[in-house]
Structure formats: C-alpha cells, structure tokens
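First up is the structure itself, then whatever we jot down about it.
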Ligand code: SAH
Ligand code: SF4
Ligand code: F3S
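Numbering (the numbering used here), first residue to last: -3 to 435.
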C-alpha cells in the first residue's frame, strides 16, 4: 500500500471525540497530508468511534463496509484506521473482523503517523496503550479553528457508573496541567476562537497540582483578550464545588449553561447505577446553582429502562424532570455493555416498555425546552454567529443559553451580535439585531 497523501476523519460520539478528531487532523496535516471532505476519495479514512451504546459500536462495522464499497466503485482501496473508544474496547478484534489497517486508542493517537507508516509498509498496526506521559505534549500547535472551539482539559473517568464503558475506554481520570491548557486556549483565540468549551468526561473534576478546581482555569481564560465566551462540559454532580458555582455569578464570560447529568430520579436506581448521589441531593445542588446564577439554563442526561426499573421508579424520573425544568436534555434507552457490572444485573426491561418510557420522558423534556425557549421571548442577549442560514442574509448562532438563534444580518461568522429575541419556537429562536459587538 502506498503512503497516504489525503485523509478524512469522521468522528462519532461525544465532544471529546470531536476534539480528538480535530487534533488527529492537525497531526496528519503537519505530516504533509491534505484533508479531504469526501471519505470515498481519501487515501486514509480515520473512523473515530464511540462505544457508549450497542448501536454506536455496531455502526463502526457497517460504516467500514459502506466505505469500502463506495471507494471500490471509484476503483480505490483506502487505508482504514479505527480510532476512539471502539478501538480501545475491541482492539485486535477489529483487525480480525474487519481487516482494517490501523487501530488506535484515544490515549495513543499521537502515534498515528508511525502506525500509518507501518500499515503502508504492509503490517496492520495496533496501539491501545494508555501511556503515563500525555499524548498532548506530542501534538502540533493549534492553527485554524471556528469561532467556537473545544479544548479537552480532563480525560478519563474514575466514577465507574455500573452501566458505562468510559472508565474502560478512556482510562483513569487525568487533569492536564494548567499552563498547557492556558497556552492552548491562547493559541485557539489566535486561531480565531471567540468561545472555548472546556471538555472532560468529568470536567468539573479538573484539578491543578495544588488541588485547585476548574474555576481557576475559567478565571485564567476570562483574562484572555479576544475570548468572549467560556463553557464547560460534562460535569458530575459530586464534583460540583461551591467555587465553580460562584464562578457562574462572578465571571461574566462564563455562559449561563450547565450540563449536569443525573440519569434517573429514583434513589434505588441511582444506587444500582453507582451514581453516589440521591435525587434530592441533585435538586439541592441545582438550588445552589440557581441562587448563584438565576437565569442558568440546565441540561442533563437520562437513561430509561436500567435493569429492574419499575414503573413507579420511572415516574420518579418524570417527577425530577418536572421539578428541574430543563432547557434541554438527552435521554437514552439503557444498552447493556459487555464487561460492565450492569450487564449482569437481573431485571431486563422489555424493549417495548423502554420505548414507551423514552417517549414519555422525551415528551416531558420537549415540553420544558419549549417553555424555556418561550421564556426568552423579548429578552436582549448576545448571539455568537457560527454559520450561514438557508435564507438569503440569514445567519445562525447560539444564545448564552445555548439555544439556536437565526437572524437576518450582514454580520459574519465569528461576530457577536446583540439581539432582541422576537420569536420562540420549540427548537430555535428568531433574533432581531440591535448592536454589533466590536471584535
Ligand atoms: N461523563 C459524562 C457522559 C458520559 S456518556 C457523564 O458522566 O455525565 C453520555 C451519556 O450516555 C451518559 O450521561 C448516559 O446518560 C449515557 N449512557 C452511558 N452509558 C450508557 C448505556 N450503557 N446505555 C444507555 N445510555 C448510556
Ligand atoms: Fe460514565 Fe459515570 Fe464516568 Fe460519566 S461519570 S463517564 S456516566 S462512568
Ligand atoms: Fe463515546 Fe467514548 Fe465519548 S464511548 S461518548 S466517544 S468517551
């Protein structure tokens, strides 16, 4: 196989994978390769995969098949690399089953150029090590990014929720050093970022060498000229400190949005999930957050149909949703994952019961999202323009509360515009431009 000259990276799953995909792209660009938008014409295709639910994992194999077929129709045989969490979980099994050329785990992708070279020389290459030395030190500097950029500050998870593969696919919780993060943030701003979202599986568990928390990092980013907005995700209730809660009151660039998954409303289910918090503890925590930042938009994740979940227990989830009034939330049917404790638990919930619970939960979440959007009608707020809309002169962007806003404006991508919200729909808002905020 020849050494690839063009590449295409396709990322699935969470924002951390999106970040990793960007960094792999930068790494290969630094090797002299050229990115292409079209997977079927690339010499090298990197599938950056997600293992969180069964469907996500199955998808990898069907994607590999489709990719080969599309490429063959063009008379091509691309090199295929599987990266991300399926690579970590299944390792050599992927090479056996799908005959791919490279398998590389989420903590090893700084070695991608060497693995690609090995594959080009004719030997399939596999690296799923989780080295102590961080991959970040071996990656090239950031060069060009959109107005809203991701920055991974914390990797891995030590929480071991009984349903979840992340502690196995991403390894132990590690915080990147303060100085390296601030340096990368500065590079992102120089490269065009106006908003930075700090990422981690438990991002609010980030600690520096002296034990100081995420608010320290947020304060450092607040001081960066040119950066207008700071966000972070995803957080764990048990890592939500008063210092971080206070930052929502004190730091203007920190956007009023908190993604704080709770998963379920029943304490029996939470215990079986090993979440180590109660529903009431979660609600009291949100009270503190709202006391600090009354307009904060709350988001969460939910799992329906965890083993043994009864109708009464599920109704406690609905009750919790009603009590919180989420601005948005994600909900999933429980998917048993090989090697996790919950996969061996009795009391599987029948598929049709799960379907029906998911529908009821999503209806409740949609109701609250529509109500949250309606409550922003008439407000004045900033919108960070991130892309063109479908209509002439229309641009799209995000409100401070992470809602999609469309408006007619001659502002460009990356501009911050002050708007009045003149229409609120269940999934988006319409804004009318008032003031262009100077870049
Ligand atoms: N670290 C984050 C996100 C983990 S994965 C956190 O702890 O909140 C994102 C979401 O996927 C989880 O919050 C959970 O709602 C869902 N999820 C994880 N494992 C799952 C499984 N086995 N079945 C269904 N949903 C799952
Ligand atoms: Fe998974 Fe729980 Fe860790 Fe989140 S906190 S990544 S759900 S084990
Ligand atoms: Fe998926 Fe791995 Fe993220 S399993 S959700 S890509 S951490």
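C-beta: ideal position from N, C-alpha, C; glycine also.
In this structure residue 413 does not touch residue 420 by the C-beta definition: roughly 18 Å separates them, more than the 8 Å allowed. Minimum Cα-Cα distance from residue 53 among the listed residues 404, 9 and 73 corresponds to 9. DSSP links residue 100 through a beta bridge to 79 and 123. Contact between the region 82 to 96 and the region 114 to 126 is established, with three or more Cβ pairs separated by less than 8 Å.
With distances taken between CA atoms, residue 165 lies nearest to 151 out of 151, 175 and 174.
Here residue 252 is near residue 289, since their CB atoms are less than 8 Å apart.
When the beta-carbon positions are compared, residue 20 and residue 116 stay at least 8 Å from each other.
Given a length threshold of 3 residues, each whole run of the beta strand (DSSP E) inside the region 244 to 332 is given here in chain order: 253 to 255, 293 to 300 and 324 to 329. A distance criterion of 7 Å places the beta-carbon of residue 81 beyond contact range of the ligand SF4, judged by its closest non-hydrogen atom. Residue burial annotation: residue 303 is buried, with at least 16 other C-beta atoms found within 10 angstroms of its C-beta.
DSSP lists 194 as the bridge partner or partners of residue 228. Applying a distance threshold of 6 Å between residue Cβ atoms and the heavy atoms of the ligand SF4 selects 153, 155, 156, 157, 160, 162, 163, 197, 198 and 232, given in chain order.
Remark: the shortest separation between the CB of residue 200 and any heavy atom of the ligand F3S does not fall under 7 Å. Straight-line measurement puts the Cα of residue 76 at about 16 Å from the Cα of residue 33. For residue 390, no alpha helix (DSSP H) run applies; the uninterrupted beta strand (DSSP E) run containing it begins and ends at 390 to 394, by DSSP. Restricting attention to 344, 362 and 324, the CA atom closest to the CA of residue 330 is found in 344. DSSP, read as helix, strand or coil, puts residue 169 in coil.
Using a Cβ distance threshold of 8 Å, residue 259 and residue 283 do not count as a contacting pair. Remark: the C-beta of residue 209 is outside contact range of the ligand F3S, defined as less than 7 Å to any heavy atom.
Residue state for residue 238 is assigned as helix, using DSSP reduced to three classes.
Taking 3 residues as the minimum length, the beta strand (DSSP E) runs contained wholly in the region 5 to 58 are 40 to 45, in order along the chain.
For residue 94 against residue 57, the beta-carbon gap comes to about 6 Å, under 8 Å, which counts as contact. Put simply, the backbone Cα of residue 190 is about 20 Å away from that of residue 255. In the structure shown, the three-state DSSP call for residue 356 is helix. Below 8 Å, enough C-beta pairs join the region 217 to 228 and the region 175 to 185 to call them touching: three or more.
Beta-bridge analysis with DSSP links residue 174 to no other residue. The criterion of a C-beta distance shorter than 8 Å is satisfied by residue 200 and residue 236. Remark: C-beta atoms of residue 270 and residue 156 approach each other more closely than 8 Å.
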